Amino acid sequence: MKLVRCADPSAAADWCATVRAAGKSLGFVPTMGALHAGHLALVRRAVEENERVCVSVFVNPLQFDDPRDCERYPRDLEADARLLEGARCSMLFTGTLAQFFPEVAPGAPVPRRAPGPAARGLEGEFRPGHFAGVATICARLFELVRPTRAYF
């Protein structure tokens with residue numbers, strides 16, 4: 135199966151809805167790209183357990199305290215796509231922050247989701263806002279994909 139690529143989260147949501155409407159199971163692997171053996175193991179597991187698998191690649195600026203760290207995060211979407219196709223992933227999607235949150239006015243901050251008490255005492259103690267950023271994008275990803283199973 136050829137890898138479907140969506141550069142717009144709403145198109146990815148439509149693709150996922152079509153999969154669900156056909157009664158097929160849908161595995162989901164959320165990533166920030168720069169894929170490695172660990173990611174590919176998750177994708178292979180998802181392929182074994184589901185009829186279709188989608189992977190998101192989104193370097194989430196909401197989880198970086200220092201914007202320079204976000205800018206320096208490695209990005210090679212073409213290499214990631216080749217790896218995913220080799221792992222028999224069905225669909226790869228990405229998008230911009232504005233595409234993921236179209237309801238937010240340009241230049242306005244994206245409202246953050248509280249990560250809850252599990253984040254206290256973890257990395258969040260040293261990186262304020264990190265887990266709120268992670269929770270915010272993960273919630274949006276799950277709203278879009280609505281997978282049968284997710285792999286982290």
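According to my numbering, the residues represented by the sequence shown are 135 to 286, in order.
Glycine residues also receive a C-beta, built at the ideal position from the N, C-alpha and C atoms.
Just so we're clear, the structure is a prediction, and the values are computed from it rather than from any experiment.
key: First through last residue of the beta strand (DSSP E) which encompasses V193   = Premise fails: V193 is in no beta strand (DSSP E) and is neither H nor E.
query = Taking all protein chains shown into account, do 16 or more other C-beta atoms lie within 10 angstroms of the C-beta of P251, making it buried, or fewer, making it exposed?
reply = By the 10 Å Cβ count, P251 comes out exposed.
request  = State the DSSP-derived secondary structure class of C272, mapped to helix, strand or coil.
outcome  = For C272, the secondary structure class from DSSP, reduced to helix, strand or coil, is helix.
ask   = If you run the structure through DSSP and keep just helix, strand and coil, what is T287?
value = Shown here, the chain extends from 135 to 286; a query on residue 287 therefore has no answer.
key: Contact check, G161 vs E183, beta carbons under 9 angstroms   = In this structure, G161 places its C-beta atom within 9 angstroms of the C-beta atom of E183.
query = Should the region 214 to 227 be called in touch with the region 141 to 159, which here means at least 3 C-beta pairs below 8 angstroms?
reply = Pairwise C-beta distances place the region 214 to 227 in contact with the region 141 to 159, as three or more of them are shorter than 8 angstroms.
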